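Heads up, the thing below is written out as structure tokens.
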Amino acid sequence: MEILSSYTVRLTKLLKKFLKMLEAKMPYEKTLVIIKPDGVSEGYVPEILRKFEAEKLAKKFYKKCILESQKVEQLYSHLKEKITEQNFLSILQYMTSGDSVLIVYEGENAIANVRKICGPTDPFEARQYSPNSIRAFSKDSLQRAINEMRAVHNIVHSSGTLADAEREIKLFGIDL
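Structure representation (structure tokens):
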């Protein structure tokens with residue numbers, strides 16, 4: 186009996202260690218999603234919400250609003266050095282042109298899962314390689330937007346990294 190009890194204690198300790206290792210490999214994260222003005226005006230919000238809910242992501246925050254220009258400028262500040270001033274201004278104009286929806290989701294590997302659901306940044310690529318993704322809803326393309334010197338209308342923004350998610354959630358004053 187004593188031997189069995191000793192094995193049970195050791196097995197319990199090993200199981201706890203294993204579960205901690207598993208938790209470390211599957212991080213529980215928060216991430217920001219912005220349904221952009223085209224996604225809202227074209228009526229995609231309910232379908233977008235269903236896609237995230239189907240992946241067992243917990244909605245922790247939801248707000249419909251018109252984004253402030255200075256916050257959008259901070260959100261996309263990493264692009265300022267990479268694109269022309271005209272293109273950057275077109276992003277600001279696009280992102281503040283109507284209602285957007287701010288959502289914070291939480292779950293295991295939330296950032297990677299949300300990015301997969303959103304699909305490639307270029308809607309043309311999304312339609313080809315990820316036809317069930319959110320950005321595949323858009324009829325736009327990155328090439329067309331570049332040719333027309335404007336922002337690509339790709340329906341949704343999502344945080345790229347954990348650091349981005351933390352910064353973006355804080356930027357929009359979301360207190361969880």
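Numbering (the working numbering), first residue to last: 186 to 361. Where is the CB? At the ideal position from N, CA and C, for every residue including glycine. Source: prediction; values computed, not measured.
Apart from the 5 residues on each side of it in sequence, L252 sits with its Cβ closer than 6 Å to the Cβ of M280, T281, S285 in its chain, given in chain order. Remark: C-beta atoms of N317 and L242 do not approach each other more closely than 8 Å. Excluding its 5 nearest sequence neighbours in each direction, F322 has C-beta neighbours in its own chain below 7 Å: Y229, I340, listed in chain order. When DSSP states are grouped into helix, strand and coil, L327 belongs to the helix group. Burial check for F237: the Cβ neighbour count within 10 Å reaches 16 or more, so the residue is buried. A direct Cα-to-Cα measurement between K201 and A350 gives close to 30 Å.
In this structure, the CA atom of C250 is about 15 Å from the CA atom of L277. Between T346 and I302, the CB-CB gap reaches or exceeds 8 Å.
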